[in-house]
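First up is the structure itself, then whatever we jot down about it.
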Amino acid sequence: MTSIIASNSDLSEELRTHTARAHEEAEHSTFMNDLLTGKLDAQAFIKLQEQSWLFYTALEAAARACAEDSRAAGLLDPRLERKETLEADLDKLHENTTWRDNVTATAATASYVERLESIEAAKDFPRLVAHHYVRYLGDLSGGQVIARLVNREYGVSEEALSFYRFEDLGKLKPYKDNYRAELDALELTAEERAALLDEASDAFRFNQQVFQALA
Numbered sequence: 035m036t037s038i039i040a041s042n043s044d045l046s047e048e049l050r051t052h053t054a055r056a057h058e059e060a061e062h063s064t065f066m067n068d069l070l071t072g073k074l075d076a077q078a079f080i081k082l083q084e085q086s087w088l089f090y091t092a093l094e095a096a097a098r099a100c101a102e103d104s105r106a107a108g109l110l111d112p113r114l115e116r117k118e119t120l121e122a123d124l125d126k127l128h129e130n131t132t133w134r135d136n137v138t139a140t141a142a143t144a145s146y147v148e149r150l151e152s153i154e155a156a157k158d159f160p161r162l163v164a165h166h167y168v169r170y171l172g173d174l175s176g177g178q179v180i181a182r183l184v185n186r187e188y189g190v191s192e193e194a195l196s197f198y199r200f201e202d203l204g205k206l207k208p209y210k211d212n213y214r215a216e217l218d219a220l221e222l223t224a225e226e227r228a229a230l231l232d233e234a235s236d237a238f239r240f241n242q243q244v245f246q247a248l249a
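Dropping the structure here:
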């Protein structure tokens, strides 16, 4: 018989501790350190956003595939979706709409996309949550710092940084607190919880590998 873990099991805290090392390694990658200390240029940021467009496209397709899960409603908020804002930003950064034809996934991005596509095909909601947590909580937190620094260091206009704006969500801290509460309320089997935690660490490693490929 499969047991369901109680909903007050502090999954959000365990996610934070379980992924701490992988999170730190991604956050302090050479590429991100150089980008945020003004050692690169606007083109490096554009390349990052192009790769992001590829994996957000896959992430949001996986989220749509998993949306029918009865546990999904509290987390899979369509206001978080970033694919369209990335496209709008890249239109501005490239000053054209034909850039899509010239974007090639790095090997690291291709691996990341392949993992997300496998989650989409399996409609694996717990593993989807891991990637959803890593990307969107990151965008609502460190992403806000990235936007300010890229604007300051490389002169990227605020109009080309809509990816980082979430006006529809209101104040970000209460939203993030509620997101974590929704995580803690998820009903998961022990197997699903373990898979989600391990997948979240993998998600950070995929991001680190994307950054490494751009360095």
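If you count the sequence shown from 1, you need to add 34 to reach my numbering.
Glycine residues also receive a C-beta, built at the ideal position from the N, C-alpha and C atoms.
Candidates the options: closest to residue i by CA position
{"i": "I180", "options": "D218, A229, L195 and A54", "result": "L195"}
{"i": "E201", "options": "D173, A228 and N185", "result": "D173"}
{"i": "G108", "options": "S175, A224 and Y213", "result": "Y213"}
{"i": "P112", "options": "T138, A164, L203 and V137", "result": "L203"}
{"i": "R105", "options": "L220, K205 and A224", "result": "L220"}
Span separating the alpha-carbon of residue i from that of residue j
{"i": "D135", "j": "W87", "result": "13 Å"}
{"i": "T132", "j": "F159", "result": "34 Å"}
{"i": "Q242", "j": "T143", "result": "10 Å"}
{"i": "T53", "j": "R182", "result": "26 Å"}
{"i": "S235", "j": "K81", "result": "24 Å"}
{"i": "L171", "j": "K210", "result": "7 Å"}
{"i": "D232", "j": "L222", "result": "14 Å"}
{"i": "V190", "j": "T140", "result": "24 Å"}
{"i": "G72", "j": "M66", "result": "10 Å"}
{"i": "P208", "j": "E193", "result": "25 Å"}
{"i": "Q250", "j": "G177", "result": "With the chain covering 35 to 249 only, the question about residue 250 has no answer from this structure."}
{"i": "H166", "j": "T51", "result": "17 Å"}
{"i": "V163", "j": "L206", "result": "19 Å"}
{"i": "D44", "j": "A224", "result": "13 Å"}
{"i": "V15", "j": "R199", "result": "Coverage of the chain is limited to positions 35 through 249, which leaves residue 15 absent and any answer about it impossible."}
{"i": "E58", "j": "S175", "result": "14 Å"}
Same chain, Cβ closer than 6 Å to residue i, five either side skipped, listed in chain order
{"i": "L110", "result": "A97 and A101"}
{"i": "K18", "result": "Only positions 35 to 249 of the chain appear in the structure, and residue 18 is not among them; the question remains open."}
Test item: CB-CB of residue i and residue j under 8 Å
{"i": "E299", "j": "A95", "result": "Because the chain is modelled from 35 through 249, residue 299 falls outside the range shown and cannot be assessed."}
{"i": "A56", "j": "R239", "result": "yes"}
{"i": "L248", "j": "S46", "result": "no"}
{"i": "A76", "j": "F245", "result": "no"}
{"i": "L49", "j": "L93", "result": "no"}
{"i": "L69", "j": "A78", "result": "yes"}
{"i": "Q83", "j": "L120", "result": "yes"}
{"i": "Y90", "j": "K117", "result": "yes"}
{"i": "V168", "j": "A237", "result": "yes"}
{"i": "E230", "j": "R186", "result": "The sequence shown places Leu at residue 230, rather than the Glu named in the question. In this structure, R186 does not lie closer than 8 Å to L230 by Cβ."}
Close beta carbons around residue i, own chain, < 8 Å, minus the five adjacent residues each side
{"i": "S63", "result": "Q242, F245, Q246 and A249"}
{"i": "D103", "result": "K157 and F159"}
Integer Cβ distance of residue i from residue j, believed to fall under 8 Å
{"i": "F197", "j": "D123", "result": "5 Å"}
Neighbourhood of residue i by C-beta distance below 7 Å, restricted to the same chain and skipping five residues each side
{"i": "H128", "result": "none"}
{"i": "Y188", "result": "D75, A76 and F79"}
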